[in-house]
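Protein chains: 2
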Amino acid sequence: MRPTTQEYDPRAFPPFAVTVDLAIFTVRASRLHVLLVQRGEEPYRGGWALPGGFVRPEESAGLAARRELSEETGLSHRTVQGLHLEQLRTYSEPDRDPRMRVVSVAYTALLPDLPEPRGGGDAALARWTPREAAAPLAFDHDRILADAHDRVSSKLEYTCLATGFCPAEFTLGELQQVYETVWGVELDRPNFRRKVLATPGFVEAVEGPPRRTGGRGKPAALYRAGAAATLHPPLLRPEGRQP
Amino acid sequence: MRPTTQEYDPRAFPPFAVTVDLAIFTVRASRLHVLLVQRGEEPYRGGWALPGGFVRPEESAGLAARRELSEETGLSHRTVQGLHLEQLRTYSEPDRDPRMRVVSVAYTALLPDLPEPRGGGDAALARWTPREAAAPLAFDHDRILADAHDRVSSKLEYTCLATGFCPAEFTLGELQQVYETVWGVELDRPNFRRKVLATPGFVEAVEGPPRRTGGRGKPAALYRAGAAATLHPPLLRPEGRQP
DNA sequence: TTCTTAATAGTCACTCTGACTATAAATAGA
DNA sequence: TCTATTTATAGTCAGAGTGACTATTAAGAA
Numbered sequence: 001m002r003p004t005t006q007e008y009d010p011r012a013f014p015p016f017a018v019t020v021d022l023a024i025f026t027v028r029a030s031r032l033h034v035l036l037v038q039r040g041e042e043p044y045r046g047g048w049a050l051p052g053g054f055v056r057p058e059e060s061a062g063l064a065a066r067r068e069l070s071e072e073t074g075l076s077h078r079t080v081q082g083l084h085l086e087q088l089r090t091y092s093e094p095d096r097d098p099r100m101r102v103v104s105v106a107y108t109a110l111l112p113d114l115p116e117p118r119g120g121g122d123a124a125l126a127r128w129t130p131r132e133a134a135a136p137l138a139f140d141h142d143r144i145l146a147d148a149h150d151r152v153s154s155k156l157e158y159t160c161l162a163t164g165f166c167p168a169e170f171t172l173g174e175l176q177q178v179y180e181t182v183w184g185v186e187l188d189r190p191n192f193r194r195k196v197l198a199t200p201g202f203v204e205a206v207e208g209p210p211r212r213t214g215g216r217g218k219p220a221a222l223y224r225a226g227a228a229a230t231l232h233p234p235l236l237r238p239e240g241r242q243p
Numbered sequence: 001m002r003p004t005t006q007e008y009d010p011r012a013f014p015p016f017a018v019t020v021d022l023a024i025f026t027v028r029a030s031r032l033h034v035l036l037v038q039r040g041e042e043p044y045r046g047g048w049a050l051p052g053g054f055v056r057p058e059e060s061a062g063l064a065a066r067r068e069l070s071e072e073t074g075l076s077h078r079t080v081q082g083l084h085l086e087q088l089r090t091y092s093e094p095d096r097d098p099r100m101r102v103v104s105v106a107y108t109a110l111l112p113d114l115p116e117p118r119g120g121g122d123a124a125l126a127r128w129t130p131r132e133a134a135a136p137l138a139f140d141h142d143r144i145l146a147d148a149h150d151r152v153s154s155k156l157e158y159t160c161l162a163t164g165f166c167p168a169e170f171t172l173g174e175l176q177q178v179y180e181t182v183w184g185v186e187l188d189r190p191n192f193r194r195k196v197l198a199t200p201g202f203v204e205a206v207e208g209p210p211r212r213t214g215g216r217g218k219p220a221a222l223y224r225a226g227a228a229a230t231l232h233p234p235l236l237r238p239e240g241r242q243p
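Chains as they are written, first to last, in the UniProt record's numbering: chain W, 1 to 243; chain S, 1 to 243.
This is the structure:
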């Protein structure tokens with residue numbers, strides 16, 4: 001806020017609309033997927049876009065993001081409440097929406113693999129889409145999605161975020177899958193294991209018999225997310241940080 | 001944007017105002033300072049706040065941030081154009097401004113030590129203030145400032161941002177000062193030197209005689225910022241990441 | 001000169017990591 | 001049942017990076 005001068009009166013201009021856009025990721029079948037909705041209106045009618053919506057007068061952007069997430073995915077209010085929703089950044093180019101001046105606060109979140117989003121209720125036609133197949137999107141959503149992917153990739157390096165992609169109990173192989181899928185690289189299994197187990201609070205062992213896999217091979221031990229939020233030392237990507 | 005439903009019409013409600021707030025840091029006399037302006041209007045009249053202002057209809061938030069920075073500091077348009085301005089996050093609590101619904105996009109930037117901001121022109125009374133002395137601030141600016149300090153601290157670990165605090169040519173001692181001042185810790189000089197020189201593209205040596213210091217001791221060699229933008233491996237804070 | 005100060009050079013042990021090899025525990029199929 | 005195959009887990013080893021040091025160099029001050 002400019003404190004002393006009054007060169008500019010915001011009420012003299014057409015107002016801004018404020019929206020949230022959501023980049024919601026999940027890992028299914030070893031591929032990174034993102035939640036998209038099909039637009040029913042112009043512009044970009046019939047095209048795909050990130051879910052989102054208007055911030056209402058009485059709510060913060062973060063609250064609006066949670067509300068929209070719950071509406072789009074059919075997740076319970078309670079589940080969404082406990083989720084880690086991360087504010088990505090705000091997109092404010094004047095021409096990003098041809099209809100009016102829309103400033104959008106983007107959020108990103110990670111979900112474990114879920115059933116297809118419910119199409120009913122007030123949710124638009126929504127679908128999990130492989131990340132590489134998610135283009136072109138409406139508005140500047142390609143850019144938002146790319147930024148979200150970057151952010152998630154780098155957050156995996158120094159936070160425990162990856163467990164957010166996993167169910168409550170998971171194997172180290174599944175956790176490694178998350179890293180490999182998001183980063184798009186292969187990791188050495190023994191080294192990954194050593195690193196994860198050496199990081200205090202990242203995962204904790206679950207007592208009891210291993211899960212029935214149905215597959216071949218020795219069944220893996222189960223773990224659940226630990227108490228730590230950040231990893232140190234970090235678990236860096238093979239090629240170092242991205243440019 | 002909600003694509004298919006029309007349960008909510010943003011035009012039916014009082015509009016949002018969109019502003020930018022700036023957390024501009026510098027290092028002077030081995031202390032971290034932040035640029036503050038004194039408010040001339042209610043609310044918080046006479047109190048200190050981060051500089052900032054309204055985003056105009058035809059400009060993006062990033063452009064508004066540059067414009068405000070130039071107005072507040074008196075820096076030339078050209079200088080501000082080349083600066084690294086980083087978007088921090090967006091603050092959107094409904095009650096953050098008692099007058100109306102204001103959503104603010106916060107930016108942060110690092111400057112080398114500069115003369116006191118010009119008080120003339122349309123700039124408010126502005127002053128460099130030691131970071132610890134910058135509280136309480138108007139609105140939610142204490143929170144924004146804390147977030148900005150966190151962000152800058154952690155960016156120093158894996159980017160070349162620190163050179164932004166330094167003049168065009170600087171000594172490794174001055175660069176180390178930046179790290180020590182922002183992080184609030186002391187670093188081992190030979191180790192810091194080794195680390196910086198081992199990171200390709202962080203700094204490059206300047207040919208020619210060392211700067212006249214006037215002080216005692218062996219004069220230090222001069223360096224300038226290198227071409228790299230990120231550091232790897234990172235230069236981590238002694239106590240690891242902050243919680 | 002000699003003392004003090006600050007920059008720079010070098011040492012050493014310890015940790016972490018990437019690239020491996022080896023072993024264990026399950027299933028599928030002969 | 002036996003064997004091959006698959007996957008999890010254990011362990012090894014050399015090289016890079018780091019923290020905590022000590023030593024040397026180059027300047028001004030006493």
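Even glycine gets a Cβ: it sits at the ideal position worked out from N, Cα and C.
Item to complete: Would you check if the distance between the CB atom of F139/W and the CB atom of D97/W is smaller than 8 angstroms?
Response: yes
Discussion item. Contact criterion: CB-CB distance below 8 angstroms. Does V105/W meet it with respect to chain S?
Written reply: yes
Discussion item. By DSSP's criteria, A109/W is part of a beta bridge. Which residues make up the other side?
Written reply: I24/W and L85/W
Practice prompt. Might you give, ordered along the chain, the residues of its own chain that have their beta carbon closer than 8 angstroms to the beta carbon of P117/S, omitting 5 neighbours on each side?
Written response: L35, E72, T73, G74, A123, A126, R127 and W128
Discussion item. Do D95/S and G52/S count as a contact pair if the criterion is CB distance below 8 angstroms?
Written reply: no
Discussion item. I want to verify the contact list: residues of chain W whose CB lies under 7 angstroms from the CB of E93/S, in sequence order.
Written reply: S60
Practice prompt. Excluding the 5 residues preceding and the 5 following S92/S in the sequence, name in chain order all residues of the same chain whose CB lies nearer than 6 angstroms to its CB.
Written response: V103
Practice prompt. Any chance you could list the beta strand (DSSP E) runs of at least 3 consecutive residues sitting entirely within the stretch 191-218 of chain S, in chain order?
Written response: 203-205
Discussion item. Going by DSSP in three states, Y158/W sits in which element: helix, strand or coil?
Written reply: helix
Fill in: C-alpha gap between T171/S and L222/S, whole angstroms
5 angstroms
Worksheet item: Using a Cβ-Cβ cut-off of 7 angstroms (strictly less than) and excluding sequence neighbours within five positions of P200/W, which residues of its own chain qualify?
Response: A228
Worksheet item: Cβ of T181/W less than 8 angstroms from any chain S Cβ?
Response: no
Worksheet item: Would you say V206/W reaches chain S, if we count a Cβ-Cβ gap shorter than 8 angstroms as a contact?
Response: no
Discussion item. Cβ closer than 8 angstroms: which chain W residues qualify as neighbours of V34/S?
Written reply: Correct list: empty, because the minimum Cβ distance to chain W is about 16 angstroms.
Discussion item. With a threshold of 8 angstroms on Cβ separation, who are the neighbours of P177/S within its own chain once the five nearest residues in sequence on each side are excluded?
Written reply: Position check: residue 177/S holds Gln in this sequence, whereas Pro was assumed. These residues qualify, in order along the chain: V27 and S30.
Worksheet item: Below 8 angstroms between beta carbons: does that hold for Y179/S and L231/S?
Response: no
Discussion item. Less than 8 angstroms between CB atoms is the rule here; does V18/S satisfy it with respect to chain W?
Written reply: yes
Worksheet item: Which class does residue 292/S belong to by DSSP, given the choice of helix, strand or coil?
Response: With chain S running from 1 to 243 in the structure shown, residue 292/S is simply not present.
Item to complete: Starting from R89/W, find everything on chain S with Cβ-Cβ shorter than 7 angstroms and list it in chain order.
Response: Q87
Worksheet item: From D142/W to R89/S, what does the alpha carbon distance come to, in whole angstroms?
Response: 20 angstroms
Fill in: Alpha-carbon spacing of V55/W relative to E68/W, whole angstroms
10 angstroms
Worksheet item: If you check the beta carbons only, do V18/W and F16/S fall under 8 angstroms apart?
Response: yes
Practice prompt. Using the DSSP secondary-structure output, state which residues sit across from H33/S in a beta bridge.
Written response: T26/S and P130/S
Discussion item. Below 8 angstroms on the Cβ atoms is my contact criterion, and I expect L137/S with L50/S to pass it. Report the Cβ-Cβ distance as a whole number of Å.
Written reply: 7 angstroms
Worksheet entry | Chain-ordered neighbours of R67/W on chain S, where CB pairs are closer than 9 angstroms | Per Cβ cutoff of 9 angstroms: no residues; R67/W is ~11 angstroms from chain S at best.
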